[in-house]
Amino acid sequence: MLRHNRPNSSLEFLRPAPVRGQLEPQDPRTPKGWRSLQTTDTLDELKVLIPPQTASMYEQLLKLESLELAKKDLNWERLCEIRHLKDRMIRKCQKLSNSTKRTGHGEPFTFQTLVAPSDFRLKEMEKWFRQQQTRISSSGQRPSHAYTGNSQFRPHSTLSKTKGLTSKAGASKVPLASFTDEPESMMPSPAPSPPKALSPEPLPHLLRSSMAMALMNQNNTMETTTITTLQAEASMRPNGPVSVSKIETTTQKLRHQRSCIKRTNTGDSVKTVSWADDHDLMERVGKFTNATKEAQEIGKLFSYISFGK
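Start counting the sequence shown at 1; every next residue gets the next number (the UniProt record's numbering).
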């Protein structure tokens with residue numbers, strides 16, 4: 001007799017748990033969107049406050065469970081997937097609490113309320129929702145807002161409908177050929193000209209640099225100054241003028257000094273210049289300037305000794 005009093009006892013396991021896994025409504029004392037999840041069969045024994053995004057997704061999962069249970073043809077595979085995700089969420093929330101101590105007979109029972117981190121989520125549940133979305137889109141059951149992306153094709157369809165109506169109404173007055181757009185006159189494109197072969201510019205001639213010209217001018221000025229000083233000293237000596245051969249020998253010594261510039265007697269033709277290392281060139285220029293300074297000092301000393309000035 002007791003068995004007949006409970007006709008639906010075989011389907012009681014399909015009913016969701018009254019406390020465990022349920023999502024509490026929004027509490028005005030908590031931040032907006034944060035909701036508490038019961039993780040045990042005892043009310044408020046251990047509840048976890050989960051962030052808004054995870055709470056809304058879990059709430060959607062509970063709604064899908066209730067809709068699946070309300071169907072006549074129950075999809076057992078889908079229901080088992082939903083129950084598995086609920087258990088995964090409950091176990092993940094329980095891991096946030098510390099290891100609870102077993103209470104003895106005389107110890108009071110403690111209730112806990114935990115706050116989950118802001119990035120708390122269940123990736124398995126998110127993956128399941130994505131799979132359901134792709135399954136719905138592949139089966140052809142599109143939502144009402146799916147046609148917003150194809151709005152660019154609507155004016156074309158309405159235009160074709162209006163053209164069909166006007167052509168049926170006034171077929172005797174206006175021919176159908178008038179609705180066709182005339183092709184635009186296309187200008188013939190000019191024939192491509194073959195590319196011109198551009199020859200490279202001629203290489204510049206190697207001319208004397210400004211530094212070499214300055215050194216040559218300095219040599220010439222030094223030679224002229226030494227000749228004039230020697231002629232002045234010879235005219236002012238009491239023993240008589242110095243022979244021209246001595247002057248020529250001194251000038252020849254100055255002229256026959258080694259130079260880093262090799263010149264060829266080609267007149268006004270193009271001249272090639274060969275340079276030594278910059279360091280060697282600067283050393284020779286320094287030696288030349290020192291030699292000229294010493295020659296000037298020797299000349300001054302000689303004039304001072306000879307004339308007593």
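Positions of the beta carbon are idealized from the N, C-alpha and C atoms, including for glycine.
- Proximity to K95 across T292, E81, L46 and P16 peaks at L46, based on C-alpha coordinates.
- With the rule of 3 Cβ pairs closer than 8 Å, the segment 25-38 does not count as touching the segment 75-85.
- DSSP places R35 inside the beta strand (DSSP E), whose first and last residues are R35 to Q38.
- Our two residues, L74 and W128, have alpha carbons roughly 19 Å apart in a direct line.
- In this structure, the CA atom of Y304 is about 20 Å from the CA atom of A291.
- L74 sits in coil when the DSSP states are folded into three classes, being neither helix nor strand.
- By the beta-carbon neighbour count (other beta carbons within 10 angstroms, threshold 16), K92 is buried.
- V19 sits away from T54, with the two beta carbons spaced by 8 Å or more.
- Secondary structure at T292: helix, using DSSP grouped into helix, strand and coil.
- One thing to note: L49 has its Cβ within 8 Å of the Cβ of A116.
- K92 sits in a helix when the DSSP states are folded into three classes.
- Residue state for V285 is assigned as helix, using DSSP reduced to three classes.
- Remark: C-beta atoms of E126 and R88 do not approach each other more closely than 8 Å.
- Around the beta carbon of G286, fewer than 16 other beta carbons sit within 10 angstroms, so the residue counts as exposed.
- Straight-line spacing of the CA atoms in S137 and L67 works out to 20 Å.
- Taking all protein chains in view, the Cβ of K86 is crowded by 16 or more other Cβ atoms within 10 Å, so the residue is classified as buried.
- Listed in chain order, the non-local C-beta contacts of I298 below 7 Å within the same chain number zero, local neighbours out to five positions each way being set aside.
- In terms of Cβ geometry, F111 and P51 do not form a close pair [threshold 8 Å].
- Annotation: L37 to S56 spans about 12 Å, alpha carbon to alpha carbon.
- A straight-line Cα-Cα distance of about 21 Å links Q26 and E65.
- Shown here, L122 sits in coil according to DSSP, grouped into three states, outside any helix or strand.
- Residue range L46 to I50 is occupied by the beta strand (DSSP E) that includes L49.
- In the DSSP assignment, T113 is bridged to K47.
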